[in-house]
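Residue numbers for the sequence shown follow numbering that gives the first Met the number 0, so the first one is 0 and each next one is one higher.
Don't be surprised by glycine CBs; every beta carbon is placed ideally from N, CA and C.
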Amino acid sequence: MRDQYIDLMEKALSAYTDEHIQRYLNDVETDGLKEHGFPRLTANIGILIANGRRTDLLPLFLEMMDLCCDMFLRPYIRAANEFSVREIVCCIDEVERANAVDEERVLRWKQKISQIVPEACYDVVVKEATDRITNWAIFGAVSEYARVYFGLGDNLDFIDRQLSCQFQWLDENGMYRDNKNAIPHQPMVYDLVSRGLFTMLIHFGYRGKYYEQIDACLKKAGLLTLKMQSPNGEIPFGGRSNQFLHNEPWLAILFEYEANRYAKEGNLALAMEFKSAVVRALAVTEKWLGKTPIRHIKNRFPTETKYGCEGYAYFDKYMITAASFLYAAYLLCDDSVPSVPSVDHVPSAFVTTDYFHKIFLKSGGYLAEIDTNADSHYDASGLGRVHREGAPSTICLSVPCPSHPVYTLDVTDPMNLSICPGVRENGVWRFATDASVVYETMGVFTEEDAAYTTMRCRFSKESSVDLQYEVSADGVQIQTLGEGEVACLLPAFCFDGESTSEIDANTHSLSVSYEGWLCRYTTNGFIVDLKRISANRNGYYRAFAAIGDGSLWVKIQIEEQKHP
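Encoded structure:
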């Protein structure tokens, strides 16, 4: 598996042509460092060279490395150095151990890194434990501890001060709340990022005053993260920076750490379960890196359109970020811990705290992820993900469609779209994607062969419906009970930026055929085409609805198409 990490890093680098790298270098020489994409690209090239790969880039790498080390010492440059110093320090270690660069040059780099003054180098510096600073402080702590680990720094007080304000952001499950300005809406990626940084800190040997708190957080949240991982290996949806290729490497970091923990404790069964989760996460990354040309986000729209991307999530920064986090997982990887076949057929159910407002149901190779209070800038409330092991993640729905996204789409007037109930009020359909609708969860349950949740959706004081979502090897079934006509929104994936699906609708069924798989909705009601197109980071969806009188069920099944 350690070889696989290096292979994937090389594949990520292949998304950059030599001309692209040279152009990037020229831009930084002219304008200076502006963000951490360039140091990450530099470090990735150096690590690959140290492993006998891409040695053709050595001359270019030397120029890039000189530039990075110089710019860390320029106090007027604020370029998110807390993200970058750890990358460059690890790269120096790799090339030095491999004798890939002459000793004099390596010594010059180490001397420059040794001169870093954290308060001058980093953008975010903690003064008091009460400071409301989120995970940039951990990035700085990890970079500083990397300097300590490799003998290039000794400021342990700075590291503890950076960590001192971080524990206010942990919820009761040990999940990290990064969005301090919007308390109900916490992004799932940044929970994983922050906990992944904690694992790196401990890997580098941190045993300071916060070690026990950090490790306890990782242990508690690590077990729950197994419940949140899709059977396809993906991180949960929710919030910013989702659906990028760097997402699953964060899972690999966390799961490698936990696999090591339980192997050392003698709990080989649990260690193997975490190692299997690593295998699933890497399979996602490998799949997307195997497509040509490589994109940095999970769609096939041309990179220059920035489809699905926030303003900060451009190719140069986020493409190489996948390689950066693959390397961090590589550092934690112990190949002596074996994996086991998938365990996602075992029923599990998990409800996050209200900060993350998610419900996860898994059974029989299926997963349903429900958001009960979505951030309308990124998602929509309701059942926002149905995955089946092995099937294309987007064939049903991988992330909801927002009506007012803060990331780039090219669909005019998109509608909120998830798999959720609707009621008819004054002759107009109103769906539970509306932010004013209140979801009341009654609980989550597992049986021998199924996981399910019951809830009530309150549209107003006078109007509500009762719901049950059940997941089993037979698929996902939604039962809706209400007064008068009720409905259920149904998304039909139609375009990924390159390929179209085949959609077939009749009175009681709706099917989507895509990449050799079939997603089929069946219902006791009748299906109508809402004549609306919506979109998310993955592509376009046509909106349908199943409509029934008082009692409505919808079953979702995803099957591989068998051709003679």
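Quiz item: Going straight from the alpha carbon of isoleucine 182 to that of arginine 176, what length do you get?
Solution: What you label residue 182 is simply residue 183 of the sequence shown in a count that begins at 1. What you label residue 176 is simply residue 177 of the sequence shown in a count that begins at 1. In a straight line, the C-alpha of isoleucine 182 is about 8 Å away from that of arginine 176.
Quiz item: With DSSP run on the structure shown, which of helix, strand or coil describes threonine 198?
Solution: The residue you call residue 198 lines up with position 199 of the sequence shown. Threonine 198 falls in the helix class under three-state DSSP.
Quiz item: Is serine 397 near glutamine 242, with beta carbons less than 9 Å apart?
Solution: As a first step, residue 397 is located in the sequence shown; it is residue number 398 there, counting from the start. As a first step, residue 242 is located in the sequence shown; it is residue number 243 there, counting from the start. Taking 9 Å as the Cβ cut-off, serine 397 and glutamine 242 qualify as a contacting pair.
Quiz item: With DSSP run on the structure shown, which of helix, strand or coil describes arginine 53?
Solution: For the purposes of this step, residue 53 is taken as the residue at position 54 of the sequence shown. Three-state DSSP puts arginine 53 in coil, outside helix and strand.
Quiz prompt | Whether glycine 442 touches alanine 431 by CB criterion (9 Å) | solution = One-based indexing of the sequence shown puts residue 442 at position 443. One-based indexing of the sequence shown puts residue 431 at position 432. No. Outside cutoff.
Quiz item: For glutamine 185, which three-state DSSP category applies?
Solution: Along the sequence shown, read from residue 1 onward, the residue named residue 185 stands at position 186. DSSP places glutamine 185 in coil when its eight states are reduced to three.
Exercise. Just tell me which of Glu559, Ser402 and Phe494 has its CA closest to the CA of asparagine 537.
Key: Numbered from its first residue, the sequence shown carries residue 537 at position 538. The shortest C-alpha separation from asparagine 537 is found at Phe494.
Quiz item: Any idea what DSSP makes of leucine 408, helix, strand or coil?
Solution: Position 409 of the sequence shown holds residue 408. Residue state, collapsed to three classes: coil.
Quiz item: Do the CB positions of leucine 582 and alanine 545 come within less than 9 Å of each other?
Solution: Shown here, the chain extends from 0 to 563; a query on residue 582 therefore has no answer.
Quiz item: Going by alpha carbons, who is nearest to aspartate 528 out of Leu517, Gly45 and His507?
Solution: If you number the sequence shown from 1, residue 528 lands on position 529. Selected option, being the one with the closest Cα: His507.
Quiz item: DSSP beta-bridge partners for tyrosine 513?
Solution: For this step, residue 513 is matched to residue 514 along the sequence shown. Answer is Trp516.
Quiz prompt | Rounded C-alpha distance that separates proline 337 from serine 550 | solution = In the sequence shown, residue 337 corresponds to position 338, counting from 1. In the sequence shown, residue 550 corresponds to position 551, counting from 1. Cα to Cα, the separation comes out at about 48 Å.
Practice problem: Give the straight-line distance between the Cα atoms of glutamate 303 and histidine 295, rounded to the nearest whole angstrom. | Solution: Within the sequence shown, the letter at position 304 stands for residue 303. Within the sequence shown, the letter at position 296 stands for residue 295. Computed Cα separation, rounded: 11 Å.
Exercise. Please indicate yes or no: does the CB of lysine 290 lie closer than 8 Å to some heavy atom of the ligand ADP?
Key: Annotation note on the ligand ADP: not contained in the displayed structure, which lists no ligands.
Self-check item: Sequence-distant residues of its chain with Cβ nearer than 7 Å to proline 235 (five each side left out)
Solution: Position 236 of the sequence shown, counted from the start, is the residue given in the question as residue 235. Result list for proline 235: Met187, Met227, Lys357 and Glu368, in chain order.
Quiz item: Which one of Phe138, Ser142 and Leu162 has the shortest CA to CA distance from phenylalanine 130?
Solution: If you number the sequence shown from 1, residue 130 lands on position 131. Looking at the sequence provided, one finds aspartate at residue 130 rather than phenylalanine. The shortest Cα separation from aspartate 130 among Phe138, Ser142 and Leu162 belongs to Leu162.
Exercise. Give the DSSP-derived three-state secondary structure of isoleucine 293 in the structure shown.
Key: By 1-based counting over the sequence shown, the position of residue 293 is 294. In the structure shown, isoleucine 293 sits in coil (DSSP, three-state: anything other than H, G, I, E or B).
Quiz item: What residues match up with aspartate 177 in a beta bridge as DSSP calls it?
Solution: If you number the sequence shown from 1, residue 177 lands on position 178. Bridge partners of aspartate 177: none, in fact.
Exercise. Specify the secondary structure class of alanine 99 as computed by DSSP and reduced to three states.
Key: In the sequence shown, the residue the question calls residue 99 occupies position 100. Coil, per DSSP.
Self-check item: Coil, strand or helix - glutamine 21 by DSSP
Solution: Against the sequence shown, residue 21 aligns to sequence position 22. Residue state, collapsed to three classes: helix.
Self-check item: Which residues DSSP lists as bridging threonine 445, in chain order
Solution: Taking the first residue of the sequence shown as 1, we reach residue 445 at position 446. In the DSSP output, where bridge partners are listed per residue, threonine 445 has Ala450.
Quiz prompt | Nonlocal neighbours in the same chain, by C-beta distance under 8 Å from glutamate 247, ignoring five residues either side | solution = Walking along the sequence shown from the start, residue 247 turns up at place 248. Around glutamate 247: Gly232, Glu233, Ile234, Ala280, Leu281, Val283 and Thr284.
Practice problem: Just grab the DSSP bridge partners of tryptophan 428 for me. | Solution: Taking the first residue of the sequence shown as position 1, residue 428 is located at position 429. Its beta-bridge partners are Arg423.
Quiz item: The alpha helix (DSSP H) spanning isoleucine 158 covers which residue range?
Solution: By one-based count along the sequence shown, residue 158 stands at place 159. It spans 155-163 - the alpha helix (DSSP H) in which isoleucine 158 sits, taken as one unbroken run.
Self-check item: Residue span of the beta strand (DSSP E) that contains proline 490, given as start and end
Solution: Taking the sequence shown and counting its residues from 1, one reaches residue 490 at position 491. Per DSSP, proline 490 belongs to the beta strand (DSSP E) from 474-494.
Exercise. Can you check DSSP and say which residues form a bridge with asparagine 298?
Key: Counting from 1 along the sequence shown, the entry for residue 298 is found at position 299. BP columns for asparagine 298 are empty, so no partner.
Self-check item: Spatially closest choice to glutamate 558 from Phe492, Gly474 and Asp503, by CA coordinates
Solution: Here residue 558 refers to the residue found at position 559 when the sequence shown is read from its first residue. Ranking the options by Cα distance to glutamate 558, first place goes to Gly474.
Quiz item: Between which two residues does the alpha helix (DSSP H) containing glutamine 651 stretch?
Solution: No answer is possible for residue 651: it lies beyond the span of the chain, which begins at 0 and ends at 563.
Quiz prompt | Residues of its chain near glutamine 476, where Cβ-Cβ distance is below 6 Å and the 5 sequence neighbours each way are ignored | solution = Indexing the sequence shown from 1 puts residue 476 at position 477. Glu469 and Lys554, listed in sequence order.
Quiz item: By the 10 Å Cβ neighbour count, where 16 or more other Cβ atoms means buried, how is alanine 119 classified, buried or exposed?
Solution: For the purposes of this step, residue 119 is taken as the residue at position 120 of the sequence shown. Exposed, by the Cβ-count rule.
Exercise. Identify whether serine 533 lies in helix, strand or coil by the three-state DSSP scheme.
Key: As a working note, residue 533 is residue 534 in the sequence shown. Three-state result, serine 533: strand.
Quiz item: On the three-state DSSP scale, how would you describe glutamine 467?
Solution: Working through the sequence shown from its first residue, we reach residue 467 at position 468. Three-state DSSP puts glutamine 467 in a strand.
Practice problem: List the endpoints of the continuous beta strand (DSSP E) containing glutamine 556. | Solution: Within the sequence shown, the letter at position 557 stands for residue 556. Looking at the DSSP string, the run of the beta strand (DSSP E) that includes glutamine 556 is 538-559.
Quiz item: Counting Cβ pairs, one atom from each stretch, are 3 or more of them under 8 Å apart for the region 373-385 and the region 409-421?
Solution: yes
Quiz item: Buried or exposed: which applies to serine 498, given that a residue is buried once 16 or more other Cβ atoms fall within 10 Å of its Cβ?
Solution: Along the sequence shown, one-based indexing puts residue 498 at 499. Exposed.
Exercise. Give me the Cα-Cα distance between leucine 32 and phenylalanine 355, rounded to the nearest whole angstrom.
Key: Along the sequence shown, read from residue 1 onward, the residue named residue 32 stands at position 33. Along the sequence shown, read from residue 1 onward, the residue named residue 355 stands at position 356. Each residue's alpha carbon lies about 34 Å from the other.
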